[in-house]
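**Student:** As they're listed, the protein sequences go chains A, B and C.
Position 383 (the first sequence) corresponds to 383 in our numbering; numbering is contiguous.
Count along the second sequence from 1, add 1000, and you get the number used in our numbering.
Count along the third sequence from 1, add 2000, and you get the number used in our numbering.
Backbone N, C-alpha and C fix where the C-beta goes; we use that ideal spot for every residue, glycine too.
The structure is given below, and queries will be raised subsequently.
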Amino acid sequence: METPLTQHISFDRPCYNLRDYEKNGGYQAFRKALSLSPESITNTVQASDLKGRGGAGFNTGMKWSFVPMNGHYPVKYLIANADEMEPGTFKDRMLMEGNPHQLIEGMIISAFAIQANISYIFLRWAYKKAGRLLTHAIGEAYAAGYLGKNILGTGYNLEMYLHTGVGRYICGEETALLNALEGKRATPRAKPPFPQVSGLFGKPTIVNNVETLCNIPHIINNGPDWFKSLGKGNDAGTKIYGVSGRVKRPGLWELPMGVSMRELIEDCAGGMANGYRFRGALPGGASTDFLVEEHLDINLDYKSVAAAGSRLGTGTMIILDDHTCPVGFVHNLEHFFAQESCGWCTPCREGLPWTEKILLSIERGEGRPEDLQLLETHTRLLGPGNTFCALAPGAMEPLQSALKYFREDFEKHIDQKKCPWR
Amino acid sequence: MVRIYIDQKPYDVKPGKNLLETCLTLGLDLPYFCWHPAMGSVGACRQCAVKLFKDENDKTGRLVMACMEGVRDNMYLSVNDTVAHDFRSQNIEWLMSNHPHDCAVCDEGGSCHLQDMTVMTGHAYRRFRFPKRTYQNQYLGPFLHHEMNRCIQCYRCVRFYKDYAGGKDLDVFAAHNHVYFGREKDGVLENEFSGNLAEVCPTGVFTDKTLREHYTRKWDMTMAPSVCQHCSLGCNIIAGERYGALRQITNRFNGAVNGYFICDRGRYGYEFVNDPGRVRQPVIRSEKEGRNLFENLSGILTEGKLIGIGSPRASLEANFALRRLVGEAHFYQGIPENEALLLRKILAIQHSGHMYTPSLKETEYADVTLVLGEDPTNSAPRLALALRQAVRIKPLEKIAGANIPLWNDAAVREMIQDEKGELFIAYPVNTKLDEVASGTLHAAPEDIARLGFAIAHYIDDSAPEPQGMDARALESARRMADLLKRAERPLIVSGTSLFNEDIIQAAYQIGQALEKGEKKAAMCFVMPECNSAGLAMMQAPSLAMAMKAAETGNFATAVILENDLYRRAERSEIDRFLNAFKNTIVLDHQENDTARMATVLIPTATFAEGEGTLVNNEERAQRFFQVFMPKNEHIRESWRWLDEFRQFRDGTKPDELRELDNLLEELVRAMPQFKGAEMAAPLSDFRINGQRIPREPHRFSGRTAMLANVAVSEPKPPEDTDSPLSFTMEGYRGMPPAPLTPFYWSPGWNSGQSVHKYQSEAGGPLRGGDPGVRLLGGGIHFSNGFQSAIPSAFERQENEMALVPLAHIFGSDELSVLSPAVEGRAPRPYLALNSLDAERLHTAEGAVLRMRIGDQVFDLPVILKNELPEGLAGLPYNLTSLLGITWPAKGILTNTTS
Amino acid sequence: MIAQETLTPEEMAEIDHEIALVPMRRAAAIEALKIVQHHRGWISDDSLQAIAGYLEISPEELDSVATFYNLVFRRPVGRNVILLCDSISCYVMGYEKIYGQIRDRLGISFGQTTSDGRFTLLPNACLGTCDHAPALMINNELFRDLTEENLDEILDRYH
C-alpha cells in the first residue's frame, strides 16, 4: 500500500530538512513542473481528480482553471489554508510537523500553475511547532533558490510568507481567511465573485487546504493515473484519516480513499476502548452528520458518505460512545459553532445561540416537549443558501442527525427532567 | 427589458438590477433590512428571501436572497411561496430573540422599519424563552441617542458611516451574537453626516437626540415639504411640528439634489424656530409710541422715501415684495459689494451657455474633479458627500469587466480597495476631503487662482500663462490639465467662500479652455446662503451701494428684510447707515443687533411658519411650505407683511385669496429671469378629487383633546390660502405630487423607508420627476467681467497679515448655530497661523494675539496650522462673536503679552 | 489624538517589517496587534491608540479587528495563560474533570486570573491534537493526554 503523503514522516526522528528531503526525491516534482506549461499542470491536477481535502471536496484542478491567465492580472496569490480548527481535526498539523517541505513544494508548484508571485501559509496560532518548522523550511527553500526572484534561473518569482492567525474558526472559510489576511474582521464574503477572480486585496487568488497541496508534488511526479489508482472506489488518491474519542488507539493513518469505516475504527484504531460501546461517529469533523452502527461498512469516500447522509469532510472521525450523553455531545458542538459565528448574518448569529440554549436547557433537565420541534425547525431553516456561508448549515448537520438517531435520548431528558448520564 | 415571472405572473423589468429592487419597483412588499438603495446589497440580514426556480417546470426551487440575485431573462420566482414566507417570518423571530420590544418607549415607534417588516412577515408569537443579551449604551454627542439593545445587526450604520460618508469613529466590535456598533469609547461622533444614522438605522438604536427633547410620534406631527435654509445647496427636507414647536427635520428625497442624505447642520439647525428669545411681537420704538402698530406703520410708510434692504436668507417672494414696496430703484441686496460682485460673476458664467451647471446628484458622477478655493465639507456639506462618491467612479469603470454588478457593494469595495479617482483640492488649509484627494495645494487665494489660470493655460495654450509659479504648483497644474482634458465628465467646484474674484475667473477660464477642446465642463459654484442665487438674480445693487444712496438719497425710512446688517460690514459703518434714517423698519424672526436698532420691529415667520421659494446654487427654484400656523397672529411671512405695508401706504384693497400665487405671478412678470419659479410646486388651487393634501397622517391623535386645557370645544382648524395643503388629517389619501409630499407613508410602510413607493423605481427619481425648476433657461444677460488679469503671486507682508475666512459647518451659518446642539459643535473664535509666523510674533498655540482690522480689534487665541502659507492668518468665518469683517481683509497682529 | 503610550523602537521595527509585506499599512493590523501583545502581554486602550496611530487608522477601526478575534487580549492577563480545549474530542475524553481540577486548584473559572497574577484561564476551541485529548496549552507549550495525576505537575512548572 502506497502512502505518498506520509512516507517520509516519522516522529521518532527530527523531520527532514531540505537536504534530507531532496535526497528522498524532494523538489524533483517542482523541477519537472518548471519544464511544463502552467496550463498543463492545471490539466494534470484536474485529470487526477484530486478533491479539496479541507471539507468541501471540489476538484482542485478545476478550481485553478478559473484563475484568469490572460496576463491582465499582474498580481495573483496562492494561499495554503493551514488554519485547521474544525473540532476533531488534526491531520494538517501532522503533515506540517512531519514534512514541512512537502507542503512548500506543493505550494510552489501550485503557485507556478496559476502564475502567482506571492504565497501565504495561513497557520493556526496554536500550531507552534509547525510554525517553527515551516519558518525554518521556508528559509531553506529561499536559500536553495526554490523561492525568491528568478527561481532556478527560470525568471519565475515567488515570495512565501507565514501568517499565523489569532483564533477564529471562521478563518477556515476561504473568503473569511482572505479578510483576515487583509488585516480585517474575518467575515466571509459573498460568492460570486469567487476568490479566483477577486480574492486577496481584490486580486485573483487560490486557497487550498494543506493536505490538498501536499498531494501536488506526487501527482506531478507520478501522473494522474497513478493518483487515481491509489483510491479504492469512487475517489482518487490517499487520504489522511483520523479517529478520536474512546477507541483503543486514537490517531491518524494514510489510507486509500474509500477505506471502510469499520476498517478504520477496528483495524487502525483498535476498536472501542474497553467498557465502551460504539453509538455513532461524525465522519469528518464537527460539522458532519452522525453515522451509526448500520453505516459501519460504508466506504469513506465523498460519494458513499454522502449517500449515507453525511459528508466525508476532513476525514477525521469523532466517536460517540455509550458513556457520553448525545445531548451534551451536541450541545458542546453547538456551543462551539455559536461562539464561532462571525455575527454577519441573522440566522447564524441568532439561530445558533438559540439552539445552544435549548440544548443546554434539555441537558439540564429543563427541556420542554416543543423544544424538539423548534430544534428541527432550526436544522431545516439554517440550511445551505439560507445563511451567508456554510458555518451554520455545517453546525446543523450533527444536530439534525442526532435528532434522528438519538431522539429517544433527547426525549428521556425531557421526560425525566434530568440528564440520564449525570 | 427582460421578462421575469413572479408567482406565475409575467413582468417586463429593467436588467442589471437585483431582485429586491425589482420587486419593490413592481410594488411588491418584500421585507429587507441591510439593503439600502444608495448603498447596495451585502446579503447580511437574510430578510428578503424568495424562492427561485430553475425553469417553469421546477416546482421545488431554492431560497435565494433577492438582494444578492441579479435579474436575468426568463427567471421564475415566488415571493408568496410558503417556504420563503416561513423563512422570512422565522428570520424576524431570530432578530426578535434579542430585541427588547420596548416600542412603547422607543423613539422609533411608529416610524420603525423593524416594526413594519415584522408585521409584514406575519411573525407574531415568540418562542425564545431565554434571557436576552444586553449592552451598555454610549454617549455619542448632542445629535444622536444610542440604545444598543434594540440593534438587529444589519450593519447599515457602519456601512453608511464608514463606507459611504468616510467616518472613522464608528465601527462594529466583537463577534457572534455579541457584535456591537458604536465608538471605541464614549464621545462625540465626528462625521458631519452622523444624523443620517437615525434614518439609516431600521430601528431605534440611533435616534435623533434633539427630537427626544420634545418628543412626538411621527403620526402625531403636522408636517410639510420644506427646503433646508442653512447653505446654498437647497437640500429637501421634511419638517414636523406639534403644539407650536418644530420638532424634527428629516430627509426628503430629491433624486436630483440630496437623494437620501442631508448633513447635520441641516438636520439639527432648526431650533432657531423654537428659540425663546425670538421676535414674536411687534416692537415700536418711535416717538409716537402711544399709537398702535398700524397707525404707526401707516404714518412711517407715507412719511417719505423708502429704501429696501433685501436678504439672501429670505425667500424670493419676500425680497420681491420688498422690491415692490420700495420700488426697483430703491431695492438693494443687503450683502457686501464684493459678495455681490462674485455672485454676479457666477451667474454670468452659469447663464453664458458655455458651461454646464450640474445638479448636486450629477456631481457624484464626475470622473475628474478640481476644487478651487472651497472646503465643501464646511461650506456646502452635502456636496462633500457627493464628491466622496465621485472619487469611486473611475475605479468602478475599471472593474466593469469583472462582471460584478454595482449593487454588490461588498464585492465592489473589495475589488476597488483603496483606489480612488482624481480629485484635486486647492484651499489655504487642510480640508476633510483631502483624505480622498489625489492631490492638494495649500495656498493663498491669489495663488489658488494662479493655479487655476495655469491649468487653463496647459489645457489651451492660448489662455494666458501665469509667470513665476513654483515648481510644485506647476507640476500640479500640468497634471490636472492633462487629467481634465482626458476626463469624460470633468467637474470644477469653486465658489464664494474665499471672497476672491480671480478664483472664479480662473475656474471659468478652465471651463472655457475645455470647451475649446469640445468638452463641456461641469461648473459647480458654492454660494454663501440659501437664497443667494435668487437674490443675486434680481440684479439689485449691494449694501455698499445702499450706504452711498443713503448719504445722498434723502430717504426717510429703511425697510430691512431678515438681515442682520452687522454681519455684513463694520459696526461703525452700519451704525452710520442706520442713523441716516428717521425710521428703520426691521422684519425678522431673530433678535439681533439690527433688530435692536429698529424703530419698528416686525415679527416674521420662519421657514416653518410660512411659504416661499428659494433658488439654490444650481439655480433650482424650490418651494418650501408652511408647517404650522403660529399661535400668534403677528407672526406672518415677510412677504405678507410687506404686501400689507403696500396696501396701507397705497390704500388698496387687500387680495383675499391666492396671495402667494399672485405674488409669484407678478414676480415672474416683473423679472422674466424667474420664469418657471411659479411652477416649482402646484398652485394653491390645486386639488386631487377636490381634496387638499393633508399635512397630518391619518393616525394623528388628540385633535379634540390637545387644546382642551385652553378650551373644551375644538377650535376651527386654520385655513391655508397659499397652498394646496391642509392643516388637518383630512384630505386626499393617495400619493401627492412630489413637491407637495409632506411625509412618506404607505400601507404597511410607516417609516421613511416607504419612500420607494413614491419613486418611479426603487432608488430612482420621484414619480412625476424630482421637484424644483431650473431657471437657467431664463433669457437674461448679466454684465460679465471676464477680463480680469492674472493676479500676482501672494507675498508675505512684514507688518500685516492677509486674512482668510475659514468656513465651519457648525458655526459659520447664522441661524443653525442658534440650535444648542449645533452651537455645542461650533469652534470657539481662533486665529490660525503657520508656526513660523507664530515664531515671528513670539507666540504659541493657545496664546492670545490682538488683531486689528481697520477700526476693529479682536483678541484671539492662536492655533497652529502649518499647512497655512506664511503671511496668511485664518479666521473662522461668520462666527457670531467675530462679525463685521469685510472680506477679503487684512489685519495687523500684535502680541500684547510680550 | 495623542496616544499616552508610544510604541517601542523594537515594536515599530517589527511592525514595519510586516507593513512592508502588504499593499497598505492597515493590512498589517492583526500582525501589529500580535507584536504588541507579544511584548506587553495584552492590548490596553493606550496600546490600541498607539498602534492605530502608527497604522494611520482610527482606534475604532483597529478595535473592530482586535475584538473580533479570540486571542487578542483586550484585558490584562496573568503571567501564564492557560488555554484549555473545550471542544468535542476533549469533551468526550473528559476535559470537564480537568477544568474542575484547575478550578479547585487555582480558584479561577474561565475568563479569570488568579489574585497573584500567576495564571489566567481561558477556554479554547479545538487545539488539533484530538488523538491525545484532553489537552491544554500554557503560553506556547502544548500538553496532551492530561490526567488528574499529571495536571498538578504541569501547573507547578509555571510561576
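Is there at least one Cβ from chain B nearer than 8 Å to P100 of chain A's Cβ?
**Tutor:** To locate residue 100 of chain A, count along the first sequence from 1; it is residue 100. Closer than 8 Å: no.
**Student:** How about F2073 of chain C: is its C-beta nearer than 8 Å to some C-beta of chain B?
**Tutor:** Numbered from its first residue, the third sequence carries residue 2073 of chain C at position 73. No, because no Cβ of chain B sits closer than 8 Å to the Cβ of F2073 of chain C.
**Student:** Could you please give the first and the last residue of the uninterrupted beta strand (DSSP E) stretch that includes P1225 of chain B?
**Tutor:** Here residue 1225 of chain B refers to the residue found at position 225 when the second sequence is read from its first residue. Note, P1225 of chain B: beta strand (DSSP E), T1222 to V1227.
**Student:** If we call anything under 8 Å between Cβ atoms a contact, is L1451 of chain B one with A1473 of chain B?
**Tutor:** The residue you call residue 1451 of chain B lines up with position 451 of the second sequence. The residue you call residue 1473 of chain B lines up with position 473 of the second sequence. Cβ atoms of L1451 of chain B and A1473 of chain B: closer than 8 Å.
**Student:** Check whether the segment 1302-1314 of chain B touches the segment 1517-1534 of chain B, counting contact only when three or more Cβ pairs, one atom from each stretch, lie closer than 8 Å.
**Tutor:** Yes: at least three Cβ pairs fall under 8 Å.
**Student:** Would DSSP call Y77 of chain A helix, strand or coil?
**Tutor:** Mapped onto the first sequence, residue 77 of chain A falls at position 77. Residue state, collapsed to three classes: strand.
**Student:** Could you check whether the Cβ of A1318 of chain B sits closer than 7 Å to any heavy atom belonging to the ligand MN?
**Tutor:** By its list of ligands, the structure shown contains no ligand whatsoever, and the ligand MN lies outside what it can speak to.
**Student:** Name, please, each residue of chain A whose Cβ falls closer than 9 Å to the Cβ of S1097 of chain B.
**Tutor:** Translated into positions along the second sequence, residue 1097 of chain B becomes position 97. Correct list: E350, G351, P353 and W354.
**Student:** What separation, rounded to the nearest whole angstrom, lies between the Cα atoms of R1072 of chain B and N70 of chain A?
**Tutor:** Taking the second sequence and counting its residues from 1, one reaches residue 1072 of chain B at position 72. Taking the first sequence and counting its residues from 1, one reaches residue 70 of chain A at position 70. If I take the Cα positions, the gap works out to 28 Å.
**Student:** Are the CB atoms of A80 of chain A and N208 of chain A within a distance shorter than 8 Å?
**Tutor:** By 1-based counting over the first sequence, the position of residue 208 of chain A is 208. By 1-based counting over the first sequence, the position of residue 80 of chain A is 80. Yes, they are a contact pair.
**Student:** Is there contact here, the segment 1215-1228 of chain B with the segment 1694-1704 of chain B, by at least three beta-carbon pairs under 8 Å?
**Tutor:** As far as the Cβ criterion goes, the segment 1215-1228 of chain B touches the segment 1694-1704 of chain B, which means the pair count is three or higher.
**Student:** Using a Cβ-Cβ cutoff of less than 7 Å, which residues in the same chain neighbour L1725 of chain B once the five nearest sequence positions on both sides are dropped?
**Tutor:** On the second sequence, residue 1725 of chain B is found 725 positions in, with the first residue counted as 1. A1224, F1625, R1692, I1693, R1695, L1740 and P1742.
**Student:** Which of the three DSSP states, helix, strand or coil, is assigned to G1308 of chain B?
**Tutor:** Within the second sequence, the letter at position 308 stands for residue 1308 of chain B. Reduced to three states, the DSSP call for G1308 of chain B is strand.
**Student:** Along the chain, which unbroken stretches of the beta strand (DSSP E) at least 3 residues long are found entirely within the segment 2077-2104 of chain C?
**Tutor:** The segment 2077-2104 of chain C contains these whole beta strand (DSSP E) runs: 2080-2085.
**Student:** Name the residue from B:Y1139, B:G1299 and B:M1117 whose alpha carbon lies nearest to the alpha carbon of V1600 of chain B.
**Tutor:** As a first step, residue 1600 of chain B is located in the second sequence; it is residue number 600 there, counting from the start. The option with the nearest alpha carbon to V1600 of chain B is B:G1299.
**Student:** Do three or more CB pairs link the segment 1228-1235 of chain B to the segment 1190-1201 of chain B at distances below 8 Å?
**Tutor:** Touching, no.
**Student:** Taking the C-alpha atoms as reference points, what is the distance between A1456 of chain B and G1511 of chain B?
**Tutor:** Position 456 of the second sequence, counted from the start, is the residue given in the question as residue 1456 of chain B. Position 511 of the second sequence, counted from the start, is the residue given in the question as residue 1511 of chain B. Computed Cα separation, rounded: 8 Å.
**Student:** Output, in chain order, the set of chain C residues within a Cβ distance shorter than 8 Å of F968 of chain B.
**Tutor:** Outside the displayed range of chain B (1001 to 1898) lies residue 968 of chain B, so it cannot be described from this structure.
**Student:** Any chance you could list the alpha helix (DSSP H) runs of at least 4 consecutive residues sitting entirely within the segment 40-127 of chain A, in chain order?
**Tutor:** 60-65, 91-98 and 100-114, all fully within the segment 40-127 of chain A.
**Student:** So, for L1836 of chain B: in the same chain, excluding its five sequence neighbours on each side, which residues have a beta-carbon less than 6 Å away from its beta-carbon?
**Tutor:** In the second sequence, the residue the question calls residue 1836 of chain B occupies position 836. The answer, listed in chain order, is E1870.
**Student:** Does any C-beta atom of chain B lie closer than 8 Å to the C-beta of D2086 of chain C?
**Tutor:** Against the third sequence, residue 2086 of chain C aligns to sequence position 86. Not closer than 8 Å to any Cβ of chain B, the Cβ of D2086 of chain C fails to qualify, so no.
**Student:** Compare the C-beta of P2059 of chain C with all C-beta atoms of chain B and state if any pair is closer than 8 Å.
**Tutor:** If you number the third sequence from 1, residue 2059 of chain C lands on position 59. Yes, P2059 of chain C lies at the interface with chain B (some Cβ there is under 8 Å from its Cβ).
**Student:** Below 7 Å on C-beta distance, what does F1053 of chain B contact in chain A?
**Tutor:** Along the second sequence, one-based indexing puts residue 1053 of chain B at 53. Result: empty, since nearest Cβ-Cβ is about 14 Å, beyond 7 Å.
**Student:** Going by the beta-carbon positions, is the gap between L1484 of chain B and V1368 of chain B smaller than 8 Å?
**Tutor:** Within the second sequence, the letter at position 484 stands for residue 1484 of chain B. Within the second sequence, the letter at position 368 stands for residue 1368 of chain B. Yes, these two residues count as a Cβ contact at 8 Å.
**Student:** Which residue marks the beginning of the alpha helix (DSSP H) containing F336 of chain A, and which one marks its end?
**Tutor:** As a first step, residue 336 of chain A must be located in the first sequence, where it is residue number 336. That run of the alpha helix (DSSP H) goes P326 to E340.
**Student:** Apply the 10 Å Cβ neighbour rule to K76 of chain A and answer buried if 16 or more other Cβ atoms are within range, or exposed otherwise.
**Tutor:** Taking the first residue of the first sequence as position 1, residue 76 of chain A is located at position 76. When all chains shown are included, K76 of chain A counts as buried.
**Student:** Specify whether the segment 1321-1333 of chain B and the segment 1752-1765 of chain B touch according to this definition: at least 3 beta carbon pairs, one from each stretch, less than 8 Å apart.
**Tutor:** Short answer: they don't touch.
**Student:** The alpha helix (DSSP H) that contains K184 of chain A, what's its start and end?
**Tutor:** Position 184 of the first sequence holds residue 184 of chain A. Where K184 of chain A is concerned, there is no enclosing alpha helix (DSSP H), given that its DSSP letter is neither H nor E.
**Student:** On the DSSP letters alone, give me the boundaries of the beta strand (DSSP E) that I1863 of chain B sits inside.
**Tutor:** Counted from its first residue, the second sequence places residue 1863 of chain B at position 863. That run of the beta strand (DSSP E) goes Q1856 to L1864.
**Student:** Please report how far the alpha carbon of V1627 of chain B lies from the alpha carbon of K1168 of chain B, in whole angstroms.
**Tutor:** Numbered from 1 along the second sequence, position 627 holds the residue referred to as residue 1627 of chain B. Numbered from 1 along the second sequence, position 168 holds the residue referred to as residue 1168 of chain B. Those two C-alpha atoms are separated by around 36 Å.
**Student:** Decide if the segment 1857-1865 of chain B is in contact with the segment 1758-1772 of chain B; the criterion is three or more beta carbon pairs, one per stretch, under 8 Å apart.
**Tutor:** No, because fewer than three Cβ pairs between the segment 1857-1865 of chain B and the segment 1758-1772 of chain B fall closer than 8 Å, the two stretches do not touch.
**Student:** Any beta-carbon of chain C closer than 8 Å to the one on L87 of chain A?
**Tutor:** In the first sequence, the residue the question calls residue 87 of chain A occupies position 87. Reading off the sequence shown, one finds Pro at residue 87 of chain A, where the question assumed Leu. Closer than 8 Å: yes.
**Student:** Let me know if E1446 of chain B comes out buried or exposed under the rule of 16 or more other beta-carbons within 10 Å of its beta-carbon.
**Tutor:** Taking the first residue of the second sequence as 1, we reach residue 1446 of chain B at position 446. Buried is the call here.
**Student:** In the structure shown, what three-state DSSP assignment does F1331 of chain B receive?
**Tutor:** Counting from 1 along the second sequence, the entry for residue 1331 of chain B is found at position 331. Of the three classes helix, strand and coil, the one that applies to F1331 of chain B here is strand, per DSSP.
**Student:** Going along the chain, which residues of its own chain have a beta-carbon closer than 6 Å to the beta-carbon of L1657 of chain B, five neighbours each way excluded?
**Tutor:** Start at 1 with the first residue of the second sequence, and residue 1657 of chain B comes out as number 657. Reliability of the predicted coordinates at L1657 of chain B is poor, the pLDDT of 45 falling under 50, and the value obtained from them is presented with this limitation in mind. So the qualifying residues of the chain are T1721.
**Student:** Can you list, in chain order, the residues of its chain with a C-beta nearer than 6 Å to that of D1275 of chain B? Leave out the 5 residues immediately preceding and following it.
**Tutor:** For the purposes of this step, residue 1275 of chain B is taken as the residue at position 275 of the second sequence. If we look at D1275 of chain B and ignore the five residues flanking it on each side, its Cβ neighbours are L1818.
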